[in-house]
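Residue numbers (this note's numbering): 8 to 335.
Note sheet for the following structure.
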Ligand SMILES: Nc1ncnc2c1ncn2[C@@H]1O[C@H](COP(=O)(O)OP(=O)(O)OP(=O)(O)O)[C@@H](O)[C@H]1O
Ligand SMILES: [Mg+2]
């Protein structure tokens with residue numbers, strides 16, 4: 008076990024010049040938004056046209072940037088090349104609901120079932136997984152449009168990404184089967200009908216389209232040249248446990264893990280015998296968890312970021328954080 012950074016964030020990025028999709032994960036409140044903002048500003052400063060996006064229903068980019076970036080891609084003041092965008096998840100959910108309702112109505116009619124679609128729509132859309140799927144859809148839409156050199160996502164819908172990617176093999180088998188049997192049914196209908204014109208099948212179009220989008224997303228998100236997930240932790244038990252679990256999942260699914268950033272370290276040189284006991288105790292606690300971090304994430308620690316005396320807000324503050332994230 009080494010007790011120092013073997014490969015820093017700067018070195019890692021140097022070795023991955025083509026990175027395009029960058030994600031920050033970790034327990035609540037550890038500094039994901041701050042570090043996503045810091046990384047995005049850094050990429051923009053390198054001359055890359057950079058999108059800093061958030062898909063969460065509870066946004067914090069406008070707060071971080073001190074500027075309203077809700078609902079549309081917005082040029083960040085004072086940082087050429089940097090764009091912020093809080094995607095409106097509510098809006099997407101409403102759109103998806105209408106969309107799904109139409110498909111279900113079509114299907115019920117097709118199958119000659121006389122039930123109202125509403126019940127089905129409710130049960131399909133009234134659950135947290137639906138919201139997460141909507142966030143995932145928003146994320147990949149933005150990726151597929153391909154209007155920026157680099158995309159930094161503030162808190163990816165992690166569980167959903169993992170679920171979808173983990174399931175995508177099974178899923179694609181399933182959809183292929185569905186498509187096949189629907190094609191057979193359609194051919195039969197066409198053979199039985201007098202008109203030879205092709206019948207529309209929105210459900211099948213949807214399945215095929217969905218399968219292809221997922222396959223494309225998986226291809227991008229598992230490409231080591233393009234994608235990296237970074238995990239943020241504090242030198243504390245729970246945040247460490249959370250990212251260990253995340254990293255395990257991600258490695259299992261072949262999603263590239265960029266490494267670990269340790270945030271909010273109390274600067275030891277500022278602590279003396281005469282510092283309050285409370286502070287000295289916290290330093291001792293952080294010390295012991297740092298041992299665990301060096302041990303558990305050996306070779307994967309990329310940056311150590313100090314605890315600042317104030318919250319991080321505005322692009323000037325991000326510059327100060329960047330000096331630490333990219334110091335070595
Ligand atoms: N190194 C630091 N020193 C001092 N304050 C910090 C530091 N890093 C982050 N903060 C502050 O801690 C708070 C939480 O940070 P942030 O919002 O980035 O966390 P998060 O992981 O995105 O949280 P959430 O899970 O709620 O999205 C913010 O007020 C931020 O300004
Ligand atoms: Mg956040």
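Glycine included, every Cβ here is placed at the ideal spot set by N, Cα and C.
Proximity test, residue i beta-carbon vs ligand 3 heavy atom, cut-off 7 angstroms
i          : result
residue 83 : Absence of ligand 3 from the depicted structure is noted, with ligand 1 and ligand 2 being the only ligands included.
Span of the beta strand (DSSP E), counted from its first residue to its last, around residue i
i           : result
residue 58  : 57–61
residue 270 : 264–272
residue 130 : Note, residue 130: premise wrong, no beta strand (DSSP E); alpha helix (DSSP H) at 124–132.
residue 313 : 308–313
residue 29  : 28–32
residue 210 : Unbroken run through residue 210 is the alpha helix (DSSP H), 209–228; no beta strand (DSSP E).
Beta-carbon proximity check, residue i vs residue j, cutoff 8 angstroms
i           : j           : result
residue 33  : residue 246 : yes
residue 89  : residue 132 : no
residue 227 : residue 28  : yes
residue 235 : residue 26  : yes
residue 307 : residue 249 : no
Range covered by the alpha helix (DSSP H) that runs through residue i
i           : result
residue 69  : 68–72
residue 296 : 284–303
residue 155 : No alpha helix (DSSP H) holds residue 155; DSSP gives it neither H nor E.
residue 17  : 16–22
residue 255 : 244–259
residue 340 : There is simply no residue 340 to check, as the chain begins at 8 and stops at 335 in what is shown.
residue 109 : 96–117
residue 323 : 322–332
Cβ neighbour criterion (16 or more within 10 Å) applied to residue i
i           : result
residue 269 : buried
residue 151 : exposed
residue 285 : exposed
residue 261 : exposed
residue 162 : buried
residue 83  : buried
residue 139 : buried
residue 293 : buried
residue 194 : exposed
residue 105 : exposed
residue 225 : buried
residue 198 : exposed
residue 124 : buried
residue 325 : buried
residue 180 : exposed
Inter-residue CB distance, residue i and residue j (contact presumed, cutoff 8 angstroms)
i           : j          : result
residue 94  : residue 60 : 6 angstroms
residue 143 : residue 30 : With 8 angstroms as the limit, residue 143 and residue 30 do not qualify as a contact, their Cβ atoms being about 12 angstroms apart.
Closer than 8 angstroms to chain C by CB, residue i
i           : result
residue 302 : Checking the listed chains, one finds no chain C in this structure; it contains a single protein chain.
*Should the segment 26–45 be called in touch with the segment 225–242, which here means at least 3 C-beta pairs below 8 angstroms?*
yes
*How do the segment 209–216 and the segment 269–286 stand: do at least 3 beta-carbon pairs fall below 8 angstroms, yes or no?*
no
*the segment 317–331 / the segment 45–63 touching (three or more Cβ pairs under 8 angstroms)*: yes
*the segment 289–303 / the segment 47–65 touching (three or more Cβ pairs under 8 angstroms)*: no
*the segment 133–151 contacting the segment 96–107, beta-carbon criterion three pairs below 8 angstroms*: yes
*asked:* Any contact between the segment 121–132 and the segment 61–75? By contact I mean 3 or more CB pairs, one from each, below 8 angstroms.
replied: no
*Is the segment 309–321 touching the segment 71–87 in the sense that three or more CB pairs, one from each, lie closer than 8 angstroms?*
yes
*Would you be able to state if there are at least three C-beta pairs under 8 angstroms between the segment 280–297 and the segment 249–257?*
no
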